[in-house]
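S.K.: One structure coming up, written as structure tokens, with questions to follow.
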Amino acid sequence: MLDAPVSGGEPKAIDGTLSVMVGGDKAIFDKYYDLLKAMAGSVVHTGGNWRR
Numbered sequence: 001m002l003d004a005p006v007s008g009g010e011p012k013a014i015d016g017t018l019s020v021m022v023g024g025d026k027a028i029f030d031k032y033y034d035l036l037k038a039m040a041g042s043v044v045h046t047g048g049n050w051r052r
């Protein structure tokens with residue numbers, strides 16, 4: 001599971017420059033990085049998620 005809050009609102013969604021801060025297992029983050037990058041200008045792995 002990944003936690004992936006998005007920042008930027010409608011204008012940045014329209015022009016593809018959203019920011020996504022992703023928490024979760026690094027291997028899962030790596031697997032889905034390209035998908036997240038397709039909709040965001042910035043995708044950052046922040047470490048683990050809140051669920052343990």
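Numbering (full-length UniProt numbering), first residue to last: 1 to 52.
Beta carbons are placed, not taken as given, at the ideal position from N, Cα and C, and that holds for glycine.
Remember, it's a predicted structure, so these values are computed and weren't measured experimentally.
#1: In terms of residue numbering, what span does the alpha helix (DSSP H) encompassing Gly-9 cover?
#2: Who are the near neighbours of Gly-41 in its chain, counting only those whose CB is closer than 6 Å to its CB and skipping five residues on each side?
#3: What is the residue span of the beta strand (DSSP E) that Ala-40 lies within?
#4: In angstroms, rounded to a whole number, what distance separates the CA positions of Gly-8 and Val-43?
#5: Have a look at Asp-25 and Leu-2 and give me their C-alpha separation to the nearest angstrom.
M.R.: The relevant details are as follows:
#1: As a first step, residue 9 is located in the sequence shown; it is residue number 9 there, counting from the start. Element bounds for Gly-9: 9-15.
#2: Position 41 of the sequence shown, counting from 1, holds the residue named residue 41. Result list for Gly-41: Thr-17, in chain order.
#3: Translated into the one-based positions of the sequence shown, residue 40 becomes position 40. From DSSP, the beta strand (DSSP E) with Ala-40 extends over 40-47.
#4: The residue labelled residue 8 in the question sits at position 8 within the sequence shown. The residue labelled residue 43 in the question sits at position 43 within the sequence shown. Cα-Cα distance, rounded: 12 Å.
#5: Locating residue 25 in the sequence shown gives position 25, where the first residue counts as 1. Locating residue 2 in the sequence shown gives position 2, where the first residue counts as 1. Cα to Cα, the separation comes out at about 7 Å.
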